[in-house]
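Remarks on the structure that follows.
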Amino acid sequence: MDGLKEKVRIVPDFPKKGISFKDITTLLKDKEAYHYVIKELAAGLNDIDLVVGPEARGFVIGAPLAYELYAGFVLVRKPGKLPAATIKYEYELEYGTDALEIHRDAIIPGQRVVVADDLLATGGTAYSVVKLVQSLGAEVVAIRFVMELTDLAGRERLSEFKDCDIKSLIQFDY
């Protein structure tokens, strides 16, 4: 699809000075662009059991991707937001630190999983989600992003997951 990158709004100095925020909401409201993104993220993926999406924009990418792949969807949330027993992983963002949790019973060992999010920046969120999924015994076969900030080296951070297919549709400089 031509012009996909132009559908992302750039917001300078958000959430703090010096950050050039890539706002995906302008892309999501365009039904043709949103549909195209999900189809492209699903391309080439087969026999997927689950899609795992981190809070919050990973939900709006991961859930429709799971639907497209005829897979289940698992939420990864910030601490204290999931009601049952969880496991936790702490990580660094491009502008701070955070932690994520997943239900202990969300994944059956051996399941084939795709991790999906809107943005690959430093790779901390995706790395944490992969580690959570692996700790529950699943195989992460792919990681999918709508956007990637190429100069923040997130892809390099994920390079230890050698058997994992990593794809982003739009690339930006930070």
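Each residue of the sequence shown is one higher than the one before, starting from 212 at the first, in the numbering used here.
The C-beta atom is built at its ideal place from N, Cα and C for all residues, glycine as well.
Under 8 Å from any heavy atom of the ligand ATP, does the C-beta of residue i make it?
i       : result
Ile-319 : This structure lacks the ligand ATP, and indeed carries no ligand of any kind.
Excluding the 5 residues flanking residue i on each side, which residues of the same chain have their C-beta closer than 7 Å to its C-beta?
i       : result
Leu-343 : Val-287, Ile-298, Tyr-300, Leu-311, Ile-313
Glu-251 : Leu-380
Leu-256 : Leu-280, Val-325, Ala-353
Ala-274 : Gly-264, Phe-284
Look at the alpha carbon of residue i and the alpha carbon of residue j, and state the distance between them as a whole number of angstroms.
i       : j       : result
Lys-289 : Ala-267 : 9 Å
Lys-216 : Leu-293 : 34 Å
Ser-386 : Gly-334 : Residue 386 lies beyond the range of the chain shown here (212 to 385); nothing can be said about it.
Ala-244 : Leu-276 : 14 Å
Ala-364 : Val-357 : 16 Å
Ala-317 : Val-285 : 7 Å
Gly-214 : Pro-223 : 21 Å
Leu-238 : Ile-272 : 12 Å
Asp-258 : Arg-366 : 24 Å
Compare the beta carbon distance of residue i and residue j with 9 Å and say whether it is the shorter of the two.
i       : j       : result
Lys-233 : Ile-249 : no
Val-352 : Val-263 : no
Ile-230 : Tyr-306 : yes
Tyr-385 : Ser-339 : no
Asp-328 : Arg-368 : no
Asp-376 : Thr-336 : no
Run through the DSSP bridge pairs and tell me what residue i is partnered with.
i       : result
Tyr-302 : Asp-309
Leu-331 : Glu-359
His-246 : In the DSSP output, where bridge partners are listed per residue, His-246 has none listed.
Phe-232 : Val-222
Gly-273 : Per DSSP, none; premise fails for Gly-273.
Val-263 : Val-285, Val-326
Val-351 : Val-324
Thr-336 : Thr-336 is not bridged to any residue.
Thr-297 : His-314
I need the boundaries of the beta strand (DSSP E) containing residue i, first residue and last residue.
i       : result
Ser-379 : 376–383
Gly-283 : 283–287
To which residues of the same chain is residue i closer than 6 Å at the C-beta, ignoring the five residues directly before and after it?
i       : result
Gln-322 : Asp-260, Leu-261, Ala-349
Thr-361 : Gln-382
Lys-242 : none
Tyr-247 : Met-212
Using a Cβ-Cβ cut-off of 8 Å (strictly less than) and excluding sequence neighbours within five positions of residue i, which residues of its own chain qualify?
i       : result
Leu-330 : Lys-233, Ile-235, Arg-268, Phe-356, Val-357, Met-358, Glu-359, Leu-360
Arg-315 : Ala-295, Ala-296, Thr-297, Ile-298, Leu-347
For the alpha helix (DSSP H) that residue i lies in, which residues bound it at each end?
i       : result
Arg-368 : 365–368
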